[in-house]
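Below is one structure, written out as structure tokens; the observations come after it.
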Amino acid sequence: KKRVGVLVSGRGSNLQALLDACADPAFPAEIVLVVSNVANAYALERAATAGVPSVTLSHKSFASREDFDAAMDAHLRQAGVEIVCLAGFMRLLSAGFVQSWDQRMINIHPSLLPSFKGLHTHARALEAGVKLHGCTVHLVTPDLDDGPIIVQAAVPVLADDTEDALAARVLEQEHKAYPLALRLIAEGRVAVDGNRAKVEAPGFGALVNP
Ligand code: GAR
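Written out as structure tokens, the structure is:
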């Protein structure tokens, strides 16, 4: 099994989806470490319940982003991590950290990239009047919310949607898309060609749900 480290900052529902997937003996990855930059993140309780070691590194106690990232990197390497998953990790990563996990770090973002990079994606999707919205799991490159796309899941935007209703509809799909993407990476079924990831999966990594 591939050894996975998950970086979190909050609720950790995507961490939970990954933990649940890893509970299946046939899943090709196991979570060996959870790193949080927020001491009281609920994600830490989820890790504890699953019996997965975790560490909190407060970014406020480091002089620079590079120092914080170096500490995180040391924990990940000590745990023998081979793949890093960002799951609601709300800090920018330094170029050096991203480079050192090149092709081995994935992120989930709550929009159909390249639309709506950054924050408040659901409110911005409603504001833009798009009829399809969703989530993206992608390999992490130095640019924010960029990098080869592994899996996307699409949902409809409904006429009377609120931000919360739309967020919940997307989140349900995040919990399917992220385990699928991790499985594909762990099984070596993603080949990167420039900015394009060739994905060996039914539908080429596209999940389209009613
Ligand atoms: C998720 O919706 C994730 O896609 C998003 O934060 C939420 C974390 O929820 N990530 C980002 O916005 C990254 N820029 P979770 O803690 O319950 O997984």
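The sequence shown lines up with residues 3 to 212 when you count with the UniProt record's numbering.
The beta-carbon is built from N, C-alpha and C at its ideal position, and this holds for glycine as well.
Rounded to the nearest angstrom, how far is the Cβ of V34 from that of A81, given a contact under 8 Å? Taking the first residue of the sequence shown as 1, we reach residue 34 at position 32. Taking the first residue of the sequence shown as 1, we reach residue 81 at position 79. Yes, V34 and A81 are in contact; Cβ-Cβ is about 5 Å, under 8 Å.
Considering only C-alpha positions, which residue in the set P150, V100, E174 and A23 is nearest to P112? Counting from one through the sequence shown, the residue named residue 112 turns up at place 110. Out of P150, V100, E174 and A23, E174 has the C-alpha closest to the C-alpha of P112.
Report the CB separation of Q154 from G207 in whole angstroms; it is logged as a contact under 8 Å. The count along the sequence shown starts at 1 and reaches residue 154 at position 152. The count along the sequence shown starts at 1 and reaches residue 207 at position 205. That belief holds up - the Cβ atoms of Q154 and G207 are roughly 7 Å apart, short of 8 Å.
With a cut-off of 8 Å, do at least 3 Cβ pairs link the region 175-186 to the region 136-149? yes
Where does K3 fall in DSSP's three states? Along the sequence shown, one-based indexing puts residue 3 at 1. It is coil, neither helix nor strand.
Whole angstroms are fine: how far does the CA of T123 sit from the CA of P133? Counting from one through the sequence shown, the residue named residue 133 turns up at place 131. Counting from one through the sequence shown, the residue named residue 123 turns up at place 121. Note that residue 133 is Lys in the sequence shown here, rather than Pro. Their backbone Cα atoms lie some 14 Å apart in a straight line.
DSSP-derived helix/strand/coil call for H122: Reading the sequence shown from its first residue, position 120 is the one you call residue 122. Of the three classes helix, strand and coil, the one that applies to H122 here is coil, per DSSP.
Is the beta carbon of S15 less than 8 Å from the beta carbon of M92? Here residue 15 is taken as the residue at index 13 of the sequence shown, counted from 1. Here residue 92 is taken as the residue at index 90 of the sequence shown, counted from 1. The answer is no: Cβ separation not under 8 Å.
Would you give the residue range spanned by the alpha helix (DSSP H) that N16 belongs to? Start at 1 with the first residue of the sequence shown, and residue 16 comes out as number 14. Residues S15 to C24.
With H, G and I counted as helix, E and B as strand and the rest as coil, what does DSSP make of S56? Counting from 1 along the sequence shown, the entry for residue 56 is found at position 54. Reduced to three states, the DSSP call for S56 is strand.
Contact check, R106 vs E84, beta carbons under 8 Å: Locating residue 106 in the sequence shown gives position 104, where the first residue counts as 1. Locating residue 84 in the sequence shown gives position 82, where the first residue counts as 1. Yes, the Cβ-Cβ distance between R106 and E84 is below 8 Å.
Beta-carbon spacing of V201, L184 below 8 Å: Numbered from 1 along the sequence shown, position 199 holds the residue referred to as residue 201. Numbered from 1 along the sequence shown, position 182 holds the residue referred to as residue 184. Going by C-beta atoms, V201 is not nearer than 8 Å to L184.
Quickly, what does DSSP pair N109 with across the bridge? List them, please. For the purposes of this step, residue 109 is identified with residue 107 of the sequence shown, where counting begins at 1. N109 pairs with L88 and H140.
List the endpoints of the continuous alpha helix (DSSP H) containing L186. Reading the sequence shown from its first residue, position 184 is the one you call residue 186. L186 -> alpha helix (DSSP H) spans E165 to A188.
Please classify S63: is it buried, with 16 or more other beta-carbons within 10 angstroms of its beta-carbon, or exposed? The count along the sequence shown starts at 1 and reaches residue 63 at position 61. It is exposed - the Cβ of S63 has fewer than 16 other Cβ atoms within 10 Å.
Whole angstroms is fine: what's the gap from A65's alpha carbon to L95's? Locating residue 65 in the sequence shown gives position 63, counting from the first residue. Locating residue 95 in the sequence shown gives position 93, counting from the first residue. Between A65 and L95, the C-alpha separation is close to 15 Å.
Report the option in D75, D22, K3 and C24 whose CA atom is closest to the CA atom of V37. Here residue 37 refers to the residue found at position 35 of the sequence shown. Of the listed residues, the one whose Cα sits closest to V37 is D75.
If you check the beta carbons only, do E47 and K3 fall under 8 Å apart? Counting from one through the sequence shown, the residue named residue 47 turns up at place 45. Counting from one through the sequence shown, the residue named residue 3 turns up at place 1. No.
Buried or exposed for V210, please, with buried defined as at least 16 other CB atoms from any protein chain shown within 10 angstroms of its CB. In the sequence shown, residue 210 corresponds to position 208, counting from 1. That one is exposed.
Between H111 and the ligand GAR, is there a pair consisting of the residue's CB and a ligand heavy atom that are separated by less than 7 Å? Residue mapping note: residue 111 aligns to position 109 of the sequence shown, counting from 1. True, at least one ligand heavy atom lies under 7 Å from that Cβ.
On a Cα-Cα basis, can you pick out the residue from L168, I151, P150 and L146 that is closest to H135? Mapped onto the sequence shown, residue 135 falls at position 133. Selected option, being the one with the closest Cα: L168.
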